[in-house]
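If you read the sequence shown in numbering that gives the first Met the number 0, its first letter stands for residue 0, the second for the next number, and so on.
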Amino acid sequence: MDLQKHTEPTSAPAGLRASDAERDRVADILREALAEGRLSADEHAERVEGVLAAKTVGELEGFVRDLPGAHGRRATPPYAAAPDRPPVGSVPADPDDHVVAVLSSAVRRGRRRAGRRIHAYAVFGSVEIDLSEALFEYQQVVVKAIAVFGSVEVHVPENVSLRGTGGGVLGSFEVAGLDADDDDAPVVYVDGWAVLGSVEARPKRGRYVADILDRVQRKVDKSLRKYLDR
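Okay, here's the thing in structure tokens:
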């Protein structure tokens with residue numbers, strides 16, 4: 000007997016009784032397919048019901064045989080770095096929030112929703128924009144920072160991506176570039192100029208954001224409960 004023909008390094012025999020861990024793995028593939036639009040909500044709910052009732056590994060594989068998640072990783076790289084600028088049209092030109100400090104100081108911080116575009120102006124003053132506790136509803140957030148004889152400081156959670164495009168005129172424009180581990184994590188773009196002043200953006204260690212990362216999961220769970228309760 001040639002044992003090489005009867006052993007599969009990546010999958011269990013089709014007739015083997017399925018374990019809870021194998022059901023969870025298949026459910027994860029179905030959840031990802033729903034989030035990517037490969038399955039409709041009805042198809043997803045129907046397949047999940049089948050997964051819960053499946054008794055063998057072969058039955059489980061039948062529910063994901065036509066999905067890429069069941070055939071290893073995609074041919075494309077698993078991680079793509081965020082671009083230096085947001086995609087054209089992804090962020091509106093008009094700001095959601097103005098932060099202005101003229102011969103004074105202005106601060107934005109706390110558990111508040113981060114708009115898609117924030118404009119900050121510091122003229123002989125200082126502006127601090129702390130997004131480390133913010134609720135990110137959008138994947139792209141742009142901070143336009145102008146400092147003239149003043150300073151603008153931007154702080155972000157350490158599990159987002161951070162990009163900077165700007166410069167200084169007898170001043171300092173410094174953005175500590177940051178890449179998130181998750182492709183779907185928010186990206187904060189800091190753009191602007193420092194004229195005889197400073198613009199600085201960096202992550203705030205120990206602060207994390209999970210809102211946008213959990214949003215798809217919440218939608219999937221809500222949809223699944225809706226169809227299972229019928």
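Backbone N, C-alpha and C define an ideal beta-carbon position, used for all residues, glycine too.
Check: Cβ distance (whole Å) where valine 194 is taken to contact valine 142 below 8 Å; Outcome: Wrong, their Cβ atoms sit about 17 Å apart, outside the cutoff.
Check: The stretch 47-58 / the stretch 93-101 touching (three or more Cβ pairs under 8 Å); Outcome: no
Check: Ordered list of alpha helix (DSSP H) runs contained in the stretch 15-64, each at least 4 residues; Outcome: 19-35, 40-52, 56-61
Check: Helix, strand or coil at proline 202 according to DSSP, with G and I counted as helix; Outcome: strand
Check: Sequence-distant residues of its chain with Cβ nearer than 6 Å to glutamate 230 (five each side left out); Outcome: No answer is possible for residue 230: the residues shown for the chain start at 0 and end at 229.
Check: Cβ distance (whole Å) where arginine 201 is taken to contact alanine 175 below 8 Å; Outcome: 4 Å
Check: Three-state secondary structure assigned by DSSP to proline 67; Outcome: helix
Check: Alanine 105 versus Gly149, Gly165, Val63, Gln139, residue with shortest Cα-Cα distance; Outcome: Gly149
Check: Span of the beta strand (DSSP E) around aspartate 190; Outcome: 186-194
Check: Proximal residues to histidine 97 (C-beta, below 6 Å), its chain only, five neighbours per side dropped; Outcome: His118
Check: Alpha-carbon spacing of arginine 108 relative to glutamate 157, whole angstroms; Outcome: 16 Å
Check: Glutamine 139 versus leucine 66: straight-line alpha-carbon distance, rounded; Outcome: 29 Å
Check: Classification of alanine 92 by the beta-carbon crowding that lies within 10 angstroms, buried from 16 upward; Outcome: exposed
Check: Beta carbon of serine 160 nearer than 9 Å to that of alanine 32; Outcome: no
Check: Cα-Cα separation between aspartate 129 and proline 86, rounded to whole angstroms; Outcome: 24 Å
Check: Integer-rounded CB distance, given that valine 126 should sit under 8 Å from valine 151; Outcome: 5 Å
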